[in-house]
Amino acid sequence: MPIVVNLDVMMAKRKVSLNELSERVELTLSNLSILKTGKAKAIRFSTLEAICNALDCQPGDILEYVDDK
1 MPIVVNLDVM MAKRKVSLNE LSERVELTLS NLSILKTGKA KAIRFSTLEA
51 ICNALDCQPG DILEYVDDK
């Protein structure tokens, strides 16, 4: 898949656990885990905004386009 989710990288940089981020963004652990592992097919802008706010980062720090070629 050409969109790579680097949520785990940002969480590590900010030293934030999955449980802590889940509480901050009011998202279930299972949904956050799906996003973190790159298995999500979509993300709401409101969720992305909450994650960026909680991790003090930009959407481009979490989502990356990688050409399959």
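The opening position of the sequence shown corresponds to residue 1 in full-length UniProt numbering, with each subsequent residue numbered one higher. Glycine included, each C-beta is placed from N, C-alpha and C at the ideal position.
Annotation for N6: D61, I62, L63, E64 place their beta carbon closer than 8 angstroms to its own, counting only its chain and skipping 5 residues before and after. If you keep only unbroken alpha helix (DSSP H) runs of at least 4 residues inside the UniProt domain "HTH cro/C1-type" (7-62), you get 7-14, 18-25, 29-36, 45-55, 59-62. Between V9 and A54, the gap from beta carbon to beta carbon reaches 9 angstroms or more. By the criterion of a C-beta distance shorter than 6 angstroms, G38 is surrounded in its chain by V5, once the five residues flanking it on both sides are discounted. Residue state for V5 is assigned as strand, using DSSP reduced to three classes. Straight through space, the alpha carbons of T28 and I3 are spaced by roughly 22 angstroms.
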